[in-house]
Amino acid sequence: MAEFGVLRVRLTPKGGRSAITHYELGVLHARVSAPPVDGAANKALIELLSDSLKIPKSRIAFASGETSRDKVLRVEGVGADELRVRIETVLKVK
248 MAEFGVLRVR LTPKGGRSAI THYELGVLHA RVSAPPVDGA ANKALIELLS DSLKIPKSRI
308 AFASGETSRD KVLRVEGVGA DELRVRIETV LKVK
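Just so we're aligned: the sequence shown equals residues 248 to 341 in this note's numbering.
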């Protein structure tokens, strides 16, 4: 069975510059400049996570929350521990 990680995200659309802001209590907080219209904010979130965490966009998919600020994403090919390490690395570089 393929390895995957589950990522809980709290997204702020129209939040200025796109960025991962912090990771607290198992939830990644992020903001994107795109508005929450026609999936633009969701697309921007996938692009942000792909670029920041070095994961191909095709491996990131919504498990739930596509119309909510609170989202759950499934990340193929990266386990939970590796996902946490990548998030911590991104936040340290800031």
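Even for Gly, the Cβ is constructed at its ideal location relative to N, Cα and C.
Here the structure is a predicted model, which means the values were calculated and not measured.
Legend entry - Cβ contact (3+ pairs, closer than 8 Å) linking the segment 271-281 and the segment 253-260: yes
Legend entry - Exposed unless 16 or more other CB atoms sit within 10 angstroms - verdict on V325: As a first step, residue 325 must be located in the sequence shown, where it is residue number 78. Buried, because 16 or more other Cβ atoms sit within 10 Å of the Cβ of V325.
Inset, instruction - Counting only the same chain and skipping the five closest in sequence on each side, list residues whose C-beta sits under 7 Å from that of G312. - result: Within the sequence shown, numbered from 1, the residue matching residue 312 stands at position 65. The answer, listed in chain order, is K318 and V319.
Legend entry - Host beta strand (DSSP E) of E313 (start-end): What you label residue 313 is simply residue 66 of the sequence shown in a count that begins at 1. Here E313 belongs to no beta strand (DSSP E), and DSSP marks it neither H nor E.
Inset, instruction - Might you give, ordered along the chain, the residues of its own chain that have their beta carbon closer than 8 Å to the beta carbon of R264, omitting 5 neighbours on each side? - result: Along the sequence shown, one-based indexing puts residue 264 at 17. Excluding residues within five positions, the ones whose Cβ falls inside 8 Å are R278 and S280.
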